[in-house]
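**Q** Line order of the protein sequences matches chains S and F.
Following my numbering, the numbering of the first sequence begins with 1 at its first residue and continues without gaps.
Following my numbering, the numbering of the second sequence begins with 211 at its first residue and continues without gaps.
No residue lacks a Cβ here, since even glycine has one placed at the ideal position from N, Cα and C.
2 protein chains.
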Amino acid sequence: MDYIRQPQAIEAKSFDIIGEIIRETRPDYQFASPLHEAIVKRVIHTTADFEWLDILWFSPDALARLTAALSRPCTLYTDTTMALSGINKPLLASFGGECCCYISDPRVVREAKAQGMTRSMAAVDIAVREEGEKVFVFGNAPTALFRLLELNVPVSGVVGVPVGFVGAAESKDALTHSALPAIAALGRKGGSNVAAAIVNAILYHLRDAK
Amino acid sequence: MDYIRQPQAIEAKSFDIIGEIIRETRPDYQFASPLHEAIVKRVIHTTADFEWLDILWFSPDALARLTAALSRPCTLYTDTTMALSGINKPLLASFGGECCCYISDPRVVREAKAQGMTRSMAAVDIAVREEGEKVFVFGNAPTALFRLLELNVPVSGVVGVPVGFVGAAESKDALTHSALPAIAALGRKGGSNVAAAIVNAILYHLRDAK
Numbered sequence: 001m002d003y004i005r006q007p008q009a010i011e012a013k014s015f016d017i018i019g020e021i022i023r024e025t026r027p028d029y030q031f032a033s034p035l036h037e038a039i040v041k042r043v044i045h046t047t048a049d050f051e052w053l054d055i056l057w058f059s060p061d062a063l064a065r066l067t068a069a070l071s072r073p074c075t076l077y078t079d080t081t082m083a084l085s086g087i088n089k090p091l092l093a094s095f096g097g098e099c100c101c102y103i104s105d106p107r108v109v110r111e112a113k114a115q116g117m118t119r120s121m122a123a124v125d126i127a128v129r130e131e132g133e134k135v136f137v138f139g140n141a142p143t144a145l146f147r148l149l150e151l152n153v154p155v156s157g158v159v160g161v162p163v164g165f166v167g168a169a170e171s172k173d174a175l176t177h178s179a180l181p182a183i184a185a186l187g188r189k190g191g192s193n194v195a196a197a198i199v200n201a202i203l204y205h206l207r208d209a210k
Numbered sequence: 211m212d213y214i215r216q217p218q219a220i221e222a223k224s225f226d227i228i229g230e231i232i233r234e235t236r237p238d239y240q241f242a243s244p245l246h247e248a249i250v251k252r253v254i255h256t257t258a259d260f261e262w263l264d265i266l267w268f269s270p271d272a273l274a275r276l277t278a279a280l281s282r283p284c285t286l287y288t289d290t291t292m293a294l295s296g297i298n299k300p301l302l303a304s305f306g307g308e309c310c311c312y313i314s315d316p317r318v319v320r321e322a323k324a325q326g327m328t329r330s331m332a333a334v335d336i337a338v339r340e341e342g343e344k345v346f347v348f349g350n351a352p353t354a355l356f357r358l359l360e361l362n363v364p365v366s367g368v369v370g371v372p373v374g375f376v377g378a379a380e381s382k383d384a385l386t387h388s389a390l391p392a393i394a395a396l397g398r399k400g401g402s403n404v405a406a407a408i409v410n411a412i413l414y415h416l417r418d419a420k
């Protein structure tokens, strides 16, 4: 069989095709900046879904705040191990950052049971008590995002893209009405893969700007 | 804020909503079996994308072969750590199965470099040399799926849903023309989250049938 076998060539060609499709189908579509373009295209690369052109929302300060946070030591807290898996952790570490997911932490399991909340919520409670600069990355759990908004603590950024049918759209709508620096998916769509793609797009942008 | 905080209640309500939307928007849509319905609905639950009603392809023997394999000791080989993360490994283990991803295995890194192939391809080469019953789970790498088809070895099942713009659709089309027991995503869509959702739907079906 004849097929491209070089990962870099596959990725470059993929982004070329995505750009061509956008130019053909949405000739009037405008990206706000190269980083905005990189994020939207990487999410489309991850999902093969061009609806992402229209459903990815950015607070005015989101890109400035997230690039600043990721370019220096900070901790990314994910709601799922899938999002944790998808994030380019060596590249994050090259900027001094680290990434963790507390969903299976014994403290979280205990606290969730004691308080009758989801483990995703208890994981947020534990994360906000830690020292240091924080970015929250939610691809799956609306309850995690609701909890973060309830706690009303300062954070350096939120990637808020829980997917689903119960609370997902509502949680993201609440995020867009908060004062937090955030990227959010409007409506039901989202996912751990989308969350990781957004983080990686920012990391690749920072790497290429070095 | 007022929102549902019980994970089981959230999931049950999500599936109810998905069923309602299908009945309203696609009143003539027929599921082939309860397991077919469980798989399609779980993929929609994971993606919030109803296009999955039309793009998930099953070989005639796919469900019988995959349920048989997953109900006894077998090894699932995933192309990404994200798919590995998403699979319910304790439940898989309760049937004697295990799951692994060789993408970062030193042998894979070495062999990919030596042979000028992707690590995803080298991971397949190493997996097929192992003993025991095998199921391949591909959510990301068309080259892995192409490689498996080239090697032409017997496997108990393939979940073939690589996402993307270069080779993804072609690799899945080739899978649907092979003799392998397979579930495939037609076109560009797919993903590690979709791959894990398909495996989990089968595992939950087996658990509930116990």
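Are lysine 134(S) and threonine 81(S) closer than 8 Å when you measure CB to CB?
**A** Cβ distance not < 8 Å, so lysine 134(S) and threonine 81(S) don't count as in contact.
**Q** If you reduce the DSSP assignment to three classes, tell me which class alanine 242(F) lands in.
**A** Three-state result, alanine 242(F): coil.
**Q** Leaving out five residues before and five after alanine 182(S) in sequence, what residues of the same chain have Cβ atoms less than 6 Å from its Cβ?
**A** These residues qualify, in order along the chain: Ser59, Ala62, Val158, Gly160, Leu175.
**Q** Can you tell me which of Ile249(F), Ile313(F), Arg329(F) puts its alpha carbon nearest to the alpha carbon of leucine 263(F)?
**A** Nearest of Ile249(F), Ile313(F), Arg329(F) to leucine 263(F), Cα basis: Ile249(F).
**Q** Which residue's Cα is closest to the Cα of alanine 378(F): Ser304(F), Glu360(F), Pro352(F), Leu358(F)?
**A** That would be Pro352(F), whose Cα lies nearest to the Cα of alanine 378(F).
**Q** Taking 8 Å as the CB-CB cut-off, is serine 85(S) touching chain F?
**A** True, the Cβ-Cβ gap to chain F drops below 8 Å.
**Q** So with Cβ pairs under 8 Å, would you call serine 104(S) a contact of chain F?
**A** False, the Cβ-Cβ gap to chain F never drops below 8 Å.
**Q** How many Å lie between asparagine 88(S) and methionine 331(F) at the Cα?
**A** Straight-line Cα distance between these residues: approximately 21 Å.
**Q** Within the 8 Å Cβ cut-off, does serine 178(S) reach chain F?
**A** Chain F, which has no Cβ nearer than 8 Å to the Cβ of serine 178(S), makes this no.
**Q** Using 8 Å as the threshold, is the stretch 124-138 of chain S in touch with the stretch 10-29 of chain S, meaning 3 or more CB pairs across them?
**A** In short, these stretches do not touch, since the Cβ pair count stays below three.
**Q** Does the Cβ of aspartate 49(S) have 16 or more other Cβ atoms within 10 Å, making it buried, or fewer, making it exposed?
**A** The residue is buried, with at least 16 neighbouring Cβ atoms inside 10 Å.
**Q** Per DSSP, which one or two residues make a beta bridge with leucine 301(F)?
**A** DSSP output for leucine 301(F) lists no bridge partner at all.
**Q** For leucine 396(F) and leucine 266(F), I'd like the C-alpha separation in whole angstroms.
**A** Computed Cα separation, rounded: 6 Å.
**Q** Could you say if the stretch 188-197 of chain S and the stretch 251-258 of chain F meet the contact criterion of at least three C-beta pairs nearer than 8 Å?
**A** Contact holds: three or more Cβ-Cβ distances are below 8 Å.
**Q** Residues in the stretch 256-279 of chain F with C-beta within 9 Å of chain S's C-beta atoms, listed in sequence order?
**A** Cβ contacts with chain S come from Thr256, Thr257, Ala258, Asp259, Glu261.
**Q** Hey, does serine 94(S) have any beta-carbon neighbour from chain F nearer than 8 Å?
**A** It does not; no Cβ of chain F falls within 8 Å.
**Q** Who does phenylalanine 346(F) pair with in a DSSP beta bridge?
**A** Looking at the DSSP assignment, phenylalanine 346(F) forms a beta bridge with Tyr287(F), Val368(F).
**Q** According to DSSP, which residues form a beta bridge with phenylalanine 268(F)?
**A** Phenylalanine 268(F) pairs with Ile393(F).
**Q** Give the single residue among Thr118(S), Arg107(S), Ala69(S), Phe31(S) whose Cα lies nearest to the Cα of histidine 98(S).
**A** Just to set this straight, residue 98(S) is glutamate in the shown sequence, not histidine. Checked all of Thr118(S), Arg107(S), Ala69(S), Phe31(S); the closest Cα to glutamate 98(S) is Ala69(S).
**Q** Compute the beta-carbon to beta-carbon distance between tyrosine 287(F) and phenylalanine 346(F), rounded to the nearest angstrom, for a pair I have assumed lies under 8 Å.
**A** Confirmed, about 5 Å.
**Q** Going by other Cβ atoms of all chains shown within 10 Å of its Cβ, with 16 needed for buried, is alanine 179(S) buried or exposed?
**A** Per the 10 Å Cβ criterion, exposed.
**Q** So, with DSSP's three-state summary, where would you put glutamate 308(F)?
**A** It is a strand residue.
**Q** When you compare only the Cα positions, how much space is there between glutamate 111(S) and asparagine 410(F)?
**A** Glutamate 111(S) and asparagine 410(F): Cα-Cα distance of roughly 27 Å.
**Q** Would you verify that the beta carbon of asparagine 193(S) is, or is not, closer than 8 Å to some beta carbon of chain F?
**A** So yes, asparagine 193(S) belongs to the interface.
**Q** Quick check on isoleucine 103(S): does DSSP put it in helix, strand or coil?
**A** Note: isoleucine 103(S) maps to coil in three-state DSSP.
**Q** How far does the alpha helix (DSSP H) with histidine 415(F) in it extend, from its first residue to its last?
**A** Histidine 415(F) -> alpha helix (DSSP H) spans 402-419.
**Q** For a contact defined as C-beta to C-beta under 8 Å, what are the partners of arginine 26(S) on chain F?
**A** Here the premise fails: no neighbours, minimum Cβ distance about 16 Å.
**Q** Between the Cα of phenylalanine 225(F) and those of Val253(F), Thr328(F), Ile412(F), spot the shortest distance and give me the residue it belongs to.
**A** Residue Val253(F) is the option with its Cα nearest to phenylalanine 225(F).
**Q** For chain S, find out if any of its Cβ atoms is closer than 8 Å to the Cβ of threonine 328(F); answer yes or no.
**A** For threonine 328(F), the answer is yes, since a Cβ of chain S falls inside 8 Å of its Cβ.
**Q** Indicate whether isoleucine 231(F) and lysine 251(F) have their beta-carbon atoms separated by less than 8 Å.
**A** Cβ distance not < 8 Å, so isoleucine 231(F) and lysine 251(F) don't count as in contact.
**Q** On a Cα-Cα basis, can you pick out the residue from Leu148(S), Leu145(S), Ala195(S), Arg72(S) that is closest to leucine 91(S)?
**A** The option with the nearest alpha carbon to leucine 91(S) is Arg72(S).
**Q** Do the CB positions of arginine 5(S) and glycine 326(F) come within less than 8 Å of each other?
**A** Yes; because the gap between Cβ atoms is below 8 Å, this pair is in contact.
**Q** Is the Cβ-Cβ distance between proline 162(S) and asparagine 193(S) less than 8 Å?
**A** No, Cβ-Cβ distance for proline 162(S) and asparagine 193(S) is not below 8 Å.
**Q** Give the straight-line distance between the Cα atoms of phenylalanine 138(S) and aspartate 79(S), rounded to the nearest whole angstrom.
**A** Distance between the alpha carbons of phenylalanine 138(S) and aspartate 79(S): 5 Å.
**Q** What number of angstroms, rounded off, separates the C-alpha of isoleucine 103(S) from the C-alpha of valine 109(S)?
**A** One C-alpha to the other measures close to 8 Å.
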